[in-house]
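These notes are about the structure you will find just below.
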Amino acid sequence: MTLERRITLSSNAMLAIGALLFFTMMNLMKVHTPTQPAKKTLLTAGEVAQHIALQEKLSKYKKSFRISNDNNRNRYVGLSKIWTEFSYTKGAEVGVWKGDFSKYMLENMPTLTSYVLVDSWRHLDNWNKPWNKDNAEFEAVFQTAMQNTKSFQDAGICSVVRGTNVEAAPQIPDASLDFVYLDGDHTLRGIMFDLNLYAPKVRPGGMVCGDDYTFGQHETKFDPTMVKPYVDLYGELNHLSIVDLGEVQFCYIVPP
Ligand SMILES: C[S@@+](CC[C@H](N)C(=O)[O-])C[C@H]1O[C@@H](n2cnc3c(N)ncnc32)[C@H](O)[C@@H]1O
2 MTLERRITLS
12 SNAMLAIGAL
22 LFFTMMNLMK
32 VHTPTQPAKK
42 TLLTAGEVAQ
52 HIALQEKLSK
62 YKKSFRISND
72 NNRNRYVGLS
82 KIWTEFSYTK
92 GAEVGVWKGD
102 FSKYMLENMP
112 TLTSYVLVDS
122 WRHLDNWNKP
132 WNKDNAEFEA
142 VFQTAMQNTK
152 SFQDAGICSV
162 VRGTNVEAAP
172 QIPDASLDFV
182 YLDGDHTLRG
192 IMFDLNLYAP
202 KVRPGGMVCG
212 DDYTFGQHET
222 KFDPTMVKPY
232 VDLYGELNHL
242 SIVDLGEVQF
252 CYIVPP
């Protein structure tokens, strides 16, 4: 073989190895490139200042909810007042039962233009809590919830997504809500799913709130409520200022 031919062969081999390396790298990058857009990490001074101002505004309500001995009245009045003061217009409630809370919000929040009710209204095999009734009872509970909210559904303000938290979540676009109220399954599994599925539905500057911000509850034959331990850890991990409003209610402002 001539020297010239040997040089041609080895440069062809180098080219082939280079091309192989290039395509391997491209494929690796394709596999490892996240499909989600990268989360914004740098905030403007204005965004930070606005977030701090909203957190300060909310923190004034810390432990402020006890105005009577009636827990329902206290949380209804307290939360409707906060959400109205923040001029929120679009909300959702996860865990509705007969719609008593929903009815109160719809009747007492004049700013509301859209309120989504999310509830499975059926017996769930993986929910070991006293509210988990049989399907016949749940059907009656559902009918009551529909009656309680009918005029607002007719007016196009209230909409209903009947399904579990997991089934319903894809029907609510991300960052489309001003607030969400989590009041469904309060076990560890329940609050973990609710918070991770529904917090992204709230826009920055909006509020994630929930009921039964406590630990334990009920007789030992039921699964313990784990809202407070889970929410506190979730808050620590995500640098959130969780506000204990009293009357076992929590809220935090969604950061920019
Ligand atoms: C405590 S009640 C809600 C009370 C209501 N927010 C109020 O204040 O009047 C709990 C509701 O959560 C619903 N629920 C429980 N687990 C659920 C799940 N995984 N997905 C959707 N709804 C669920 C139940 O069907 C039940 O109606």
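Heads up: the sequence shown runs through residues 2 to 257, numbered per the working numbering.
Even glycine gets a Cβ: it sits at the ideal position worked out from N, Cα and C.
Note that the coordinates shown come from a computational prediction; the quantities given were computed from them, not determined experimentally.
Residue i beta carbon near ligand 1 (any heavy atom closer than 7 Å)
| i | result |
| --- | --- |
| residue 185 | yes |
| residue 94 | yes |
| residue 120 | yes |
| residue 166 | yes |
| residue 101 | yes |
| residue 125 | yes |
| residue 162 | no |
| residue 1 | Missing from the structure shown is residue 1; the chain here goes from 2 to 257 and no further. |
| residue 97 | yes |
| residue 132 | yes |
| residue 84 | no |
| residue 47 | no |
| residue 236 | no |
| residue 217 | no |
| residue 211 | no |
| residue 247 | no |
| residue 191 | yes |
Minimum C-alpha distance to residue i - residue among the options
| i | options | result |
| --- | --- | --- |
| residue 76 | 221, 190, 184 | 184 |
| residue 114 | 215, 225, 188, 177 | 177 |
| residue 218 | 187, 193, 211 | 187 |
| residue 148 | 97, 109, 198 | 97 |
| residue 99 | 167, 162, 141, 71 | 141 |
| residue 89 | 182, 229, 139, 145 | 182 |
| residue 240 | 53, 175, 46 | 53 |
| residue 92 | 106, 82, 192 | 106 |
| residue 162 | 73, 223, 172 | 172 |
| residue 221 | 155, 129, 192, 205 | 129 |
| residue 193 | 47, 59, 236 | 236 |
| residue 120 | 245, 133, 109 | 133 |
| residue 74 | 104, 200, 203, 143 | 104 |
| residue 167 | 233, 191, 63, 124 | 191 |
| residue 146 | 135, 102, 109, 155 | 102 |
| residue 68 | 136, 78, 122, 195 | 78 |
| residue 228 | 197, 86, 207, 165 | 197 |
| residue 155 | 131, 116, 180 | 116 |
| residue 152 | 179, 137, 43, 108 | 108 |
Host alpha helix (DSSP H) of residue i (start-end)
| i | result |
| --- | --- |
| residue 205 | Note, residue 205: premise wrong, no alpha helix (DSSP H); beta strand (DSSP E) at 203 to 211. |
| residue 228 | 228 to 238 |
| residue 59 | 46 to 60 |
| residue 193 | 189 to 199 |
| residue 102 | 101 to 109 |
| residue 83 | 72 to 86 |
| residue 155 | 136 to 155 |
| residue 169 | 166 to 169 |
Span of the beta strand (DSSP E), counted from its first residue to its last, around residue i
| i | result |
| --- | --- |
| residue 93 | 91 to 95 |
| residue 245 | 244 to 247 |
| residue 117 | 115 to 120 |
| residue 163 | 159 to 163 |
| residue 180 | 178 to 183 |
| residue 253 | 250 to 254 |
Integer-rounded CB distance, given that residue j should sit under 8 Å from residue i
| i | j | result |
| --- | --- | --- |
| residue 51 | residue 242 | Wrong, their Cβ atoms sit about 14 Å apart, outside the cutoff. |
| residue 159 | residue 189 | Actually they do not touch by this definition, with Cβ atoms about 30 Å apart. |
| residue 250 | residue 212 | 6 Å |
| residue 247 | residue 81 | Contact flag wrong, Cβ pair sits at about 15 Å. |
| residue 252 | residue 209 | 7 Å |
| residue 174 | residue 205 | Rounded, the Cβ-Cβ distance is 15 Å, inconsistent with contact. |
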